[in-house]
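The structure under discussion appears below in the form of structure tokens.
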């Protein structure tokens, strides 16, 4: 049988199959964000309880700013991780805001309290005390959470990419 020129008897191939979006990077990003938030929250609660013992009136405002900044970074990370797990588009955005905010709150502390950076980082990474160890952990896990959140596979999974379930 003859077909008009340019048309074949076989159906066209169509688009290549879409690879299903795997949740691995999104789950790891959410887990790292939760771990960072937990470490920041525990450290913030410990510092706040110390301030409560000596009285908040004697604490300088810039030190309170550090504590509030860490709390807000942890809040952004917790909410962002929860929204990543719920596959909402705001989750990665909040995690992308919270992770650098947490790192900045840690790295700006020696500038605000006027301590040499090498001494500050030496205490952080000695892991002899709980609070500096938590900050060191946050300093490591926050960039990992940020990088995992920025990966295309994370946003593809959050947006629900891949094949839809059959009805």
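Residue numbers (UniProt numbering): 1 to 167.
Here a beta-carbon is modelled for each residue, glycine too, at the ideal position from N, C-alpha and C.
All values derive from a computational prediction rather than experimental measurement.
Close-in-space but distant-in-sequence residues of the same chain around residue i (CB under 8 Å, 5 per side omitted)
i	result
residue 139	103, 106, 107, 124
residue 67	44, 47, 48, 51
residue 151	25, 29
residue 56	64
residue 160	21, 87
Continuous alpha helix (DSSP H) stretch holding residue i: start and end
i	result
residue 131	130 to 150
residue 54	24 to 54
residue 80	61 to 85
residue 242	Any property of residue 242 remains undetermined from this structure, which presents the chain solely from 1 to 167.
residue 115	Unbroken run through residue 115: none, as it is neither H nor E.
Integer Cβ distance of residue i from residue j, believed to fall under 8 Å
i	j	result
residue 40	residue 73	6 Å
residue 44	residue 76	Not confirmed; about 13 Å, so no contact.
residue 80	residue 98	6 Å
residue 157	residue 26	4 Å
Contact check, residue i vs residue j, beta carbons under 9 Å
i	j	result
residue 155	residue 24	no
residue 148	residue 32	yes
residue 142	residue 100	yes
residue 96	residue 34	no
Other residues of its chain near residue i: CB distance less than 7 Å, five sequence neighbours each side excluded
i	result
residue 134	39, 42, 43
- Query: Does the stretch 107 to 119 come close enough to the stretch 71 to 91 that 3 or more CB-CB pairs lie under 8 Å?
  - Reply: no
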